[in-house]
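Residue numbers (our numbering): 12 to 588. For each residue, glycine too, the CB sits at the ideal point set by N, CA and C.
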């Protein structure tokens, strides 16, 4: 099974409870009861081999810290080998910041944590976490670090004070704790606005531990987790954050599970990063193994450049799907979303299918920018070229059936399979903010252009054909076309003038519903989306890259929405190619 399928085992701790061993359990969640008083508990709990969890709902009140006796201890099952996993609720772990003021007014702090009382655990679980760090000044409790805030730095002795009122503390000491297991974080369920701070905390000069968060079970769409990365110094820093969905899987040793229709929604992840130098890359790695899953990225403040998707699946028409929603404003630097390489030593696995919904596009650099830059008289259009400059957001799928919903200045390479093909969706694409599809396969793939209320669908099942507006793929023909154009104020006006010249003026009053023109190394598809029979800024223009015009017109078909076109129906344009 991909998701947790555990048996709940409630445990009541009394003040007299000392040693509890659970040696003959597997897939069990040992739950400390809400009536157990952990403020005075001296219990020592041992979890045996297998896949198990030790959980507690916490005793925090009014957004304050959880309070756990220094005598409470627990051991997980990691000591029994790599195939054993024990998850520990973050509510057990405390953090106390003791600040002292010297005679000269300077402040120093000692950070204490009970994390050393928990050994051989594989994951710290953030689901249901309600604690925070407690701040004490000269013996008085004065503040917290914010509700539901967990400091990843306590693991390696690099905890911080997450409260701006105490930013003047100059000397912070903490005894390091080096875990006996490769400790990571997990979500076994709903996270109520949990804030994980100091992730990727550095443990020595120039090194850091990339934080991994594994989502074991459905957190629901309402779950919210904010991951704030530690400050990293140095030039050309590459950092990453790993979000894994489903259980771990080793393709070299593990048998793939049977197909399941279970779903995991990881909720919403926000990411914040802090750097003293601009890093070369900030990478967000997301994997999903043998489960249908969904994750939303929204909020925070970061410079993530790459989102890498991966995961093990079974392939075929019912392949597992990872749905990723990237909301507007999630990152200011996104350059690439892609599906990575898959380790498949036995040939019995397939990459996960992806369903990418990106509200972020690139900054420019689309096909019309490249077309103008290739002209002999490109200098004549330098002002327009400058407005089109920038970088495309590159979105790349894998060999399975993928789906992409994107905005302008996005280049898509689907690598679709022969099962059902890839699906590309976009509400609008213009000559200055264009969607480009590099490997459209007319036999299998589908393109849905326009919003959901008025959409043109391109597929093999389409009943209508495109009109050709001319082939200017030849360099001399392209230069000749643009040599007659000048005085355009912007890219839209220049493309409109080129189209008018290519069609002998027909595009101004007798534009076909859908047509195509080849300009240099780009084939542009033009949709008269407002039905006024003249090319204007409301119309949709997208690119299919360097494709053969005649072959595309022969292969590409479409269906149009049921709308009443404005004006009188014009005569059908004859192909001008």
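Do residue i and residue j have their C-beta atoms closer together than 9 Å?
{"i": "residue 382", "j": "residue 530", "result": "yes"}
{"i": "residue 107", "j": "residue 150", "result": "no"}
{"i": "residue 335", "j": "residue 297", "result": "yes"}
{"i": "residue 337", "j": "residue 314", "result": "no"}
{"i": "residue 239", "j": "residue 283", "result": "yes"}
{"i": "residue 453", "j": "residue 471", "result": "yes"}
{"i": "residue 480", "j": "residue 527", "result": "yes"}
{"i": "residue 534", "j": "residue 513", "result": "no"}
{"i": "residue 548", "j": "residue 377", "result": "no"}
{"i": "residue 405", "j": "residue 375", "result": "no"}
{"i": "residue 412", "j": "residue 432", "result": "yes"}
{"i": "residue 321", "j": "residue 260", "result": "no"}
{"i": "residue 127", "j": "residue 186", "result": "yes"}
{"i": "residue 498", "j": "residue 532", "result": "no"}
{"i": "residue 71", "j": "residue 171", "result": "no"}
In whole angstroms, give me the CA-to-CA distance for residue i and residue j.
{"i": "residue 98", "j": "residue 74", "result": "24 Å"}
{"i": "residue 226", "j": "residue 51", "result": "32 Å"}
{"i": "residue 326", "j": "residue 360", "result": "7 Å"}
{"i": "residue 115", "j": "residue 176", "result": "19 Å"}
{"i": "residue 156", "j": "residue 174", "result": "6 Å"}
{"i": "residue 278", "j": "residue 205", "result": "12 Å"}
{"i": "residue 119", "j": "residue 184", "result": "8 Å"}
{"i": "residue 588", "j": "residue 384", "result": "Here the model assigns residue 588 a pLDDT of 40, short of 50, so the residue's position is not dependable and the matter cannot be decided."}
{"i": "residue 280", "j": "residue 101", "result": "18 Å"}
{"i": "residue 123", "j": "residue 109", "result": "8 Å"}
{"i": "residue 537", "j": "residue 421", "result": "17 Å"}
{"i": "residue 134", "j": "residue 465", "result": "48 Å"}
{"i": "residue 12", "j": "residue 403", "result": "Low confidence applies here, because residue 12 scores a pLDDT of 33, under 50, leaving its location unreliable; read the following figure in that light. Distance between the alpha carbons of residue 12 and residue 403 is about 39 Å."}
{"i": "residue 476", "j": "residue 445", "result": "22 Å"}
Apart from the five residues just before and just after residue i, which ones in its own chain have a Cβ nearer than 6 Å to its Cβ?
{"i": "residue 473", "result": "568, 569, 570"}
{"i": "residue 539", "result": "522, 524, 550"}
{"i": "residue 304", "result": "256, 275, 333"}
{"i": "residue 434", "result": "414, 457"}
{"i": "residue 234", "result": "201, 202, 278"}
{"i": "residue 407", "result": "349, 424"}
If I follow the unbroken alpha helix (DSSP H) through residue i, where does it start and stop?
{"i": "residue 493", "result": "486 to 494"}
{"i": "residue 379", "result": "378 to 384"}
{"i": "residue 503", "result": "502 to 513"}
{"i": "residue 398", "result": "393 to 399"}
Does the ligand HEM have even one heavy atom less than 8 Å from the beta-carbon of residue i?
{"i": "residue 367", "result": "Questions concerning the ligand HEM fall outside what the structure shown contains, since it holds no ligand whatsoever."}
Ignore the nearest five residues each way along the sequence and tell me which others in residue i's own chain have a CB closer than 7 Å to its CB.
{"i": "residue 17", "result": "38, 39, 40, 64"}
{"i": "residue 153", "result": "146, 147"}
{"i": "residue 592", "result": "The first residue shown for the chain is 12 and the last is 588, placing residue 592 beyond what the model contains."}
{"i": "residue 158", "result": "74, 143"}
{"i": "residue 1", "result": "Examination of residue 1 is not possible in this model, given that the chain is present from 12 through 588 alone."}
{"i": "residue 370", "result": "337, 338, 339, 418"}
Could you spell out where the beta strand (DSSP E) holding residue i opens and where it closes?
{"i": "residue 407", "result": "404 to 407"}
{"i": "residue 64", "result": "62 to 67"}
{"i": "residue 151", "result": "151 to 155"}
{"i": "residue 569", "result": "568 to 570"}
{"i": "residue 364", "result": "364 to 369"}
{"i": "residue 184", "result": "182 to 185"}
{"i": "residue 136", "result": "134 to 136"}
{"i": "residue 30", "result": "30 to 33"}
{"i": "residue 1", "result": "One cannot answer for residue 1 here, as it falls past the ends of the chain, which runs 12 to 588."}
Excluding sequence positions up to five away, which residues of its chain have a Cβ less than 8 Å from the Cβ of residue i?
{"i": "residue 29", "result": "53, 54, 55"}
- Task: Quick one: which unbroken beta strand (DSSP E) runs of 3-plus residues sit fully inside the region 518 to 566? Chain order, please.
- Result: Complete beta strand (DSSP E) runs here, min 3: 525 to 530, 533 to 538, 551 to 554.
- If you scan the region 276 to 344 from start to end, which runs of the beta strand (DSSP E) of 3 or more residues do you find wholly inside it? 292 to 299, 303 to 308, 317 to 321, 332 to 337, all fully within the region 276 to 344.
- Query: In chain order, which continuous runs of the beta strand (DSSP E) of length 3 or greater are located wholly inside the region 409 to 470?
  - Reply: Contiguous beta strand (DSSP E) elements confined to the region 409 to 470 occur at 414 to 417, 421 to 424, 434 to 437, 446 to 448, 457 to 460, 467 to 469, taking only those with 3 or more residues.
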